[in-house]
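Student: Residue numbers (the numbering used here): 1 to 292. Quick reminder that beta carbons are idealized off the backbone N, C-alpha and C, glycines included. None of the values given here were measured: they were computed from a predicted structure.
Here's what the structure looks like:
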């Protein structure tokens, strides 16, 4: 039997994971009331566990087995003794969290495992969006379950769009890092259209002698802006502190996108991040309700 003390320890465990592993995410959720903050930490901790399966240096067969185990754990959450699952199960009793979205995340990570095994590529942007919807739109919908919002049938789709926007920023920021492990998320159709063949030089820097990759990244950054524009229509449907949380998380990623759009070559040899001061300023504006 799970006691209140077990649940409190489970939330503490999830909060510790979130604070250490997700600084951008924690900047946003620190603006929430405690009950919502710890619920989102539980959501993050489980999502991170699932996502990490795809990134671990393990054979694909082991990753598939781990994903199968994750699916079983999701179906047995109410009887689990694992602290992350205890916290998520409790949060789901308190808030209308769409738990099937975790299964979508598992399916998205399974695509990463397939990519590792077969060197699979995304043929076009539509196919990439379907992947982003699984691995990031699902997170948007899970967060919305905790935030709550005014009744609007569009709300889940707007949360989905915001998650897709954030994932596109991740993809642009991590082109070089992903390529070092054999992953390519840029749609093949776009690579072909710009005549880009992704490759690294001897220093591990992306090669772009004719500036075609920079031009492609610039175009894809504008595409991501469209998704941000759609997703940020969610904010007026949220209460003030939830809107501040959501606005902070999206604002940090918009800040990264602005840097990439201003100089696409920045992603060629580094993993971009914003300074603590810049993030704090974004959080302050979001809390004051100032649109970025």
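Enumerate, from N- to C-terminal direction, the unbroken alpha helix (DSSP H) stretches of 4 or more residues contained entirely within the stretch 122-173.
Tutor: Counting whole runs of 4 or more residues, the stretch 122-173 contains the alpha helix (DSSP H) stretches 125-132, 138-147, 155-173.
Student: Who does residue 206 pair with in a DSSP beta bridge?
Tutor: According to DSSP, residue 206 bridges with 200.
Student: Whose C-alpha, out of 144, 163, 114, 146, is nearest the C-alpha of residue 134?
Tutor: Minimum Cα distance to residue 134 is reached at 163.
Student: Using DSSP with H/G/I as helix, E/B as strand and the rest coil, what is residue 13?
Tutor: Note: residue 13 maps to helix in three-state DSSP.
Student: In angstroms, rounded to a whole number, what distance separates the CA positions of residue 249 and residue 235?
Tutor: Each residue's Cα considered, the two are about 12 Å apart.
Student: Report the option in 139, 112, 217 whose CA atom is closest to the CA atom of residue 99.
Tutor: Nearest C-alpha to residue 99: 139.
Student: By a C-beta neighbour count over all protein chains shown, 10 Å radius and 16 as the cutoff for buried, is residue 207 buried or exposed?
Tutor: The residue is exposed, with fewer than 16 neighbouring Cβ atoms inside 10 Å.
Student: Using a Cβ-Cβ cut-off of 7 Å (strictly less than) and excluding sequence neighbours within five positions of residue 185, which residues of its own chain qualify?
Tutor: Here the set comprises 122, 128, 171, 178.
Student: State buried or exposed for residue 34, treating a residue as buried only when at least 16 other CB atoms are found within 10 Å of its CB.
Tutor: Under this definition residue 34 is an exposed residue.
Student: Check whether the stretch 216-223 touches the stretch 251-262, counting contact only when three or more Cβ pairs, one atom from each stretch, lie closer than 8 Å.
Tutor: Cβ pair count under 8 Å is three or more, so yes.
Student: Just to confirm my understanding: we take residue 2, look at its own chain, exclude 5 residues before and 5 after, and list those with CB closer than 7 Å. What are they?
Tutor: The residues are 86.
Student: Got a sec, what are the start and stop residues for the alpha helix (DSSP H) residue 248 sits in?
Tutor: Counting along the chain, the alpha helix (DSSP H) containing residue 248 begins and ends at 240-262.
Student: Out of 154, 159, 137, point me to the one whose CA is closest to residue 147's CA.
Tutor: Among 154, 159, 137, the Cα nearest to that of residue 147 belongs to 159.
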